[in-house]
Amino acid sequence: MQSLRGTFLGGMWVVAIGMLAVGVLAVAQEESGGMGEVLGEKERRGPLPTYYGQIGVTDDQREKLYAVQDEYEVQLEALRQQLKKVVRERDQKMEELLTPGQQLRLKELREAAKARAERKEGKGVE
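In this text, residue positions in the sequence shown follow the numbering used here: the first is 112, and each later residue adds one.
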């Protein structure tokens, strides 16, 4: 029961990070073009959170918002790395429970999925 709980919590972390990534991508698409114009010659620092670009924040507010994002980015990156480590540990423990035949089949399935993804992205085509 305890390992099932750990698997569930690990899955929840993956979902949470995935949702964060999707939100960031949505904001980037929503604000494409607008941020570069507002910042002028300054280096683009990335998008503000969803809808912040549409509520008329001042340049001063924008800089303060970026400072808050920068402050938390260090913590978020540490959590991303921790999540990767925990997922690797979980996967290793799960694979140890499989028979050699199951491990081989799992490896084949993963390699096939990777090959399909590379073909889809055009990386495998020369």
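Ideal Cβ placement from N, Cα and C applies to all residues, glycine included.
Q. Assuming Glu206 contacts Leu217 under a Cβ cut-off of 8 Å, what Cβ separation, rounded to an integer in Å, is found between them?
A. Right, their Cβ atoms sit about 7 Å apart.
Q. How big is the Cα-Cα spacing for Lys204 and Arg191?
A. Distance between the alpha carbons of Lys204 and Arg191 is about 20 Å.
Q.
Please classify Pro158 as buried or exposed, where buried requires at least 16 neighbouring CB atoms within 10 angstroms.
A. Around the beta carbon of Pro158, a 10 Å sphere encloses 16 or more other beta carbons of the protein chains shown; the residue is thus reported as buried.
Q: Look at the alpha carbon of Leu208 and the alpha carbon of Glu200, and state the distance between them as a whole number of angstroms.
A: Approximately 13 Å between the Cα atoms of the pair.
Q) Helix, strand or coil for Tyr183 per DSSP? A) If DSSP states are grouped into helix, strand and coil, Tyr183 belongs with the helices.
**Q.** Own chain residues within Cβ distance below 7 Å of Ala224, not counting five before or after
**A.** If you ignore the 5 residues before and after Ala224, its C-beta comes within less than 7 Å of no other C-beta in its own chain.
(Q) Under DSSP, the alpha helix (DSSP H) around Gly212 begins and ends at which residues? (A) Per DSSP, Gly212 belongs to the alpha helix (DSSP H) from Pro211 to Glu232.
Q: With DSSP collapsed to three states, give me the class of Leu194.
A: If DSSP states are grouped into helix, strand and coil, Leu194 belongs with the helices.
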